[in-house]
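S.K.: Chains as they are written, first to last, in my numbering: chain D, 1 to 390; chain X, 1001 to 1363.
Built from N, CA and C at the ideal position, the CB exists for glycine as well.
This one's a predicted model, so the numbers in the text were calculated from it and none came from an experiment.
Okay, handing you the structure first.
Shown next as structure tokens:
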């Protein structure tokens, strides 16, 4: 084993315990550096990270090739965080987006393969799970002519569109690349032919005039086809819509992506970072800080329909519901007496007292006071209401 | 007395406070009526036959055989029944109700007939022997501020007497009839001359009169008021001066009180007073759910019982005082919000012991 170490051969047992945590990279990993990283502690990683950050701050404006520094930083991140760029600690997303935004302003990188590769890596790393967001980024690149002279861009874009079952658009993009003279043209041409061949093999027929139609920008000839649709059915739909031109406006839906509409639009659209793209989709997961107001939480009425609340109101008679009423008899110098009886009720205002049996009888309408005393009739309603509150 | 399974170990101790154990031999009749019980009366001829009037508008007659209470018969009024009593020969039950009528029920035939009426609910009634001929008649007191004498054969009363106010309570022993009305008036009638008020007086107690009860000797009466106080009164002014007194009862010291505050006494209404037919001692029962035996002549309590956790609207002894019937039901003194569906409605038949009810000779 000593020999192996001398030769610089890494003992696999060092990686063995961590092997599930190591994300394979496209270009592979150095086992030696991996072992080194695995042995490192977080604090050491932070030191290196801080040095990179310092370099970015101080050197970035002076460098001829700022992308180089970023790439160095990101290479280190890839190695230092074998769990991959998506892992929390790596901060890869932030660094990558900073790089992409910084270099976007620089003319020299427009057709730099390294820069385009970085974009493709970015899409692969962070938008792998969403065709539509990936597509949005490709459209953004297309509009800003980033990689517009590179075959790689058209190839990747068409690959994505093929995955989305948007075959005519994929062909259109490849064709567009050929028209623009993207290099290497031969590879792009062969890719185009390859794609066509594939489509033929899988019996996906394209409308003959599709390219012409694309050129007539604004004509929504590619209808909103669900990628889950059965391909033949979707083709039928296309033919159908073409034959009846009257119907086309009906199918026009501005909300839906149609490449011809979106791709030729103004290039000035801003690129949104992933964080801001997803801001509506995420709950704030930050730790609550004291004295911070997270805003009002929408409350839903559990009251139910209005009718129930009405019924509630009828039965919710709070009059007399305030618990037993006692009479507190306070005698100076003695314990106060709490009489378990509402004496004020027994002695109504009119200097007349009532026994509890009378009150009960009154409340049950089996005893009418007007029978006793005719001159009391005007007072009766007042007393009645009083009695009801027992 | 074989109806009650008496505990062989008579306590023998003269503890003032009784315990739950002393209530263990009671016969309990759960839900004897569909509503609160207003009155209980025992037959004057049989030991264990009693009538119960209820706010559900019915009078039920119960019998106890072999320790089991059985409903014998019942009859209806058109409104809540407030009072019931037996005739002295034990053949008839009279009752007064909120339908303003007085009914008489023949126990043998099971027929009830209206024998009289008032202009208001009939709150109380008694069978009395009145006049020089000692003729038995029925006297009824009503919230129409009158008492009426009925001879039970004629639809019109023998006599109608105006009372100072609505009649709340009435009791009779021998030739004494005492009527307690609203505004604390007390009317004392000598039944030798039943159509005149012998003496009109006021209750010495501060608050509303709940109940009056006459002594067996017919020389005085006890008054119970809503604020946990009992007055022992004598008709004769001289005796009253010498022997009359009042005392507090049916009170609890509030256990919860704020620190530093003076303790508070919770005072309950005295709802019922009944005199033991033999010994002359008496029992008071209150809204606190407890009942106590007292000896008025020696001015002390014979036995107190723990609260039964429900208001006692009425208690009564049977003809020889061997049984005390206790009704437990809501008496409305706390208004309708305290009338919970789970409020007990129970009659307990408590076998009395001499320890409890017999006066103790001074040593």
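1) Under 7 Å from any heavy atom of the ligand SAH, does the C-beta of residue 356 of chain D make it?
2) Would you mind sorting residue 17 of chain D into buried or exposed? The rule is 16 or more other CB atoms within 10 Å of its CB.
3) With distance defined between alpha-carbon atoms, name the residue in D:161, D:127, D:143 nearest to residue 278 of chain D.
4) Could you confirm whether any beta carbon from chain D is found closer than 8 Å to the beta carbon of residue 1123 of chain X?
5) Check whether the segment 1217 to 1227 of chain X touches the segment 1260 to 1279 of chain X, counting contact only when three or more Cβ pairs, one atom from each stretch, lie closer than 8 Å.
6) Tell me the DSSP secondary structure of residue 127 of chain D in three-state form.
7) Taking residue 1274 of chain X as the reference, give the member of X:1172, X:1192, X:1076, X:1093 with the closest Cα.
8) In whole angstroms, what separates the C-alpha of residue 1135 of chain X from that of residue 1343 of chain X?
9) Where does residue 102 of chain D sit, in a helix, a strand or coil, going by DSSP?
10) Do the segment 105 to 120 of chain D and the segment 82 to 92 of chain D touch if we need at least three Cβ pairs shorter than 8 Å?
11) Please report the straight-line C-alpha distance between residue 1152 of chain X and residue 1047 of chain X, rounded to a whole angstrom.
12) So that I know if they touch, is there some Cβ in chain D lying closer than 8 Å to that of residue 1082 of chain X?
13) Can you tell me whether residue 1287 of chain X is buried or exposed, with buried defined as 16 or more other CB within 10 angstroms of its CB?
14) Below 8 Å, how does it come out for the segment 1110 to 1118 of chain X and the segment 1078 to 1091 of chain X: are there three or more Cβ pairs, yes or no?
15) Between the beta-carbon of residue 106 of chain D and the beta-carbon of residue 151 of chain D, is there less than 8 Å?
16) What three-state label does DSSP hand residue 1163 of chain X in the structure shown?
17) Quick check on residue 1149 of chain X: buried or exposed, where buried means 16 or more other Cβ atoms within 10 Å of its Cβ?
18) Of the choices X:1316, X:1356, X:1330, whose alpha-carbon is the least far from that of residue 1043 of chain X?
19) What does DSSP give as the partner residue(s) for residue 1076 of chain X in the beta ladder?
20) Say whether chain D places a C-beta atom closer than 8 Å to the C-beta of residue 1265 of chain X.
21) Three Cβ pairs or more, each shorter than 8 Å: is that satisfied between the segment 94 to 101 of chain D and the segment 129 to 141 of chain D?
22) Starting from the Cα of residue 1175 of chain X, find the closest Cα among X:1219, X:1297, X:1199 and give me that residue.
23) For residue 1201 of chain X, which of X:1195, X:1193, X:1237 has the nearest alpha-carbon?
24) Is it buried or exposed, residue 1108 of chain X, if we count other Cβ atoms within 10 angstroms and call 16 or more buried?
25) Below 8 Å on the Cβ atoms is my contact criterion, and I expect residue 1157 of chain X with residue 1187 of chain X to pass it. Report the Cβ-Cβ distance as a whole number of Å.
26) Starting from the beta carbon of residue 1098 of chain X, find every residue of chain D whose beta carbon is closer than 7 Å, and list them in chain order.
27) Can you tell me whether DSSP reads residue 164 of chain D as helix, strand or coil?
28) Flag residue 317 of chain D as yes if its beta-carbon sits less than 8 Å from any beta-carbon of chain X, otherwise no.
29) Between residue 1213 of chain X and chain D, is the shortest Cβ-Cβ distance under 8 Å, so that the two count as touching?
30) What residue does the beta strand (DSSP E) around residue 1106 of chain X start on, and which one ends it?
31) Please report whether the beta-carbon of residue 280 of chain D lies at a distance below 8 Å from any beta-carbon of chain X.
32) Leaving aside the five residues before and after residue 21 of chain D along the sequence, list all residues of the same chain whose C-beta is less than 8 Å from its C-beta, in chain order.
33) Apart from the five residues just before and just after residue 182 of chain D, which ones in its own chain have a Cβ nearer than 8 Å to its Cβ?
34) Taking the alpha-carbon positions, what's the residue 1033 of chain X to residue 1055 of chain X distance?
35) Spatial neighbours of residue 1253 of chain X within its chain, please: C-beta separation below 8 Å, excluding the five flanking residues on both sides.
36) What are the residues of the segment 1279 to 1292 of chain X that lie near chain D, defined by any Cβ-Cβ distance shorter than 8 Å?
M.R.: According to the structure data:
1) Summarising the ligand content, the structure contains no ligands, and the ligand SAH is consequently not present.
2) Exposed: under 16 other Cβ atoms inside 10 Å.
3) D:127
4) Chain D, which has a Cβ nearer than 8 Å to the Cβ of residue 1123 of chain X, makes this yes.
5) yes
6) coil
7) X:1172
8) It is roughly 43 Å from the alpha-carbon of residue 1135 of chain X to the alpha-carbon of residue 1343 of chain X.
9) helix
10) no
11) Spanning the two alpha carbons is a distance of roughly 25 Å.
12) yes
13) With 16 or more other Cβ atoms from the protein chains shown falling within 10 Å of its own Cβ, residue 1287 of chain X counts as buried.
14) no
15) no
16) coil
17) Label assigned to residue 1149 of chain X: buried.
18) X:1316
19) X:1058
20) Chain D contact via Cβ: present.
21) Judged by Cβ distances under 8 Å, the segment 94 to 101 of chain D makes no contact with the segment 129 to 141 of chain D, as fewer than three pairs qualify.
22) Per the Cα distances, X:1219.
23) X:1237
24) exposed
25) No, residue 1157 of chain X and residue 1187 of chain X are not in contact; Cβ-Cβ is about 17 Å, not under 8 Å.
26) 361, 366, 367
27) coil
28) Low confidence applies to residue 317 of chain D: its pLDDT is 48, below 50, so where it sits in the model is not reliable, and the reading given next is rough at best. Taking Cβ atoms only, chain X never reaches closer than 8 Å to residue 317 of chain D, which makes this a no.
29) no
30) 1101 to 1106
31) no
32) 82, 83
33) 148, 149, 150, 151, 153, 154, 188
34) Linking residue 1033 of chain X to residue 1055 of chain X through their CA atoms gives a straight-line distance of about 8 Å.
35) 1263, 1264, 1265, 1266
36) So the list reads 1287, 1288, given in the order they occur along the chain.
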